[in-house]
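Student: First the structure, which I've put down as structure tokens, then a few questions once you've had a look.
Numbering (this note's numbering), first residue to last: -1 to 91.
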């Protein structure tokens, strides 16, 4: 499946999908988080935990508890590494 770049005209339909998928209570919150991902610069003080993670897949949202000292490399728990759940995989054909 080919994945294309998100276009400006896609943003409102994507928000509508989130509202339908997560309901009235949570849909707007999810849509706001997606909007925040569009705005935030994932390289602003953060490093991905693995080189296998493509730059476009590394996304950061600074939550309300964020402090300026919270920078550096993201650290995943050992479970993610043990189960090989970090980073992109080569296509198996």
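The beta carbon of each residue, even a glycine, is placed where N, CA and C say it ideally should be.
Note that this is a predicted model, so its numbers are computed, not measured.
Please list the segments of the alpha helix (DSSP H) lying wholly inside the segment 31 to 81, counting only runs of 4 or more residues, in order along the chain.
Tutor: Taken in chain order, the unbroken stretches of alpha helix (DSSP H) that lie wholly in the segment 31 to 81 and span 4 residues or more are 76 to 80.
Student: Just mark residue 24 as buried or exposed, buried being the case when its beta carbon has 16 or more other beta carbons within 10 Å.
Tutor: Indexing the chain shown from 1 puts residue 24 at position 26. When all chains shown are included, residue 24 counts as exposed.
Student: Which one of 67, 72 and 49 has the shortest CA to CA distance from residue 58?
Tutor: Numbered from its first residue, the chain shown carries residue 58 at position 60. The shortest Cα separation from residue 58 among 67, 72 and 49 belongs to 72.
Student: Should residue 42 go down as buried or exposed, given a rule of 16 or more other Cβ atoms within 10 Å for buried?
Tutor: Counting from 1 along the chain shown, the entry for residue 42 is found at position 44. Exposed.
Student: Alpha carbon to alpha carbon, what distance is there between residue 44 and residue 22?
Tutor: Translated into positions along the chain shown, residue 22 becomes position 24. Translated into positions along the chain shown, residue 44 becomes position 46. Their Cα atoms are separated by approximately 33 Å.
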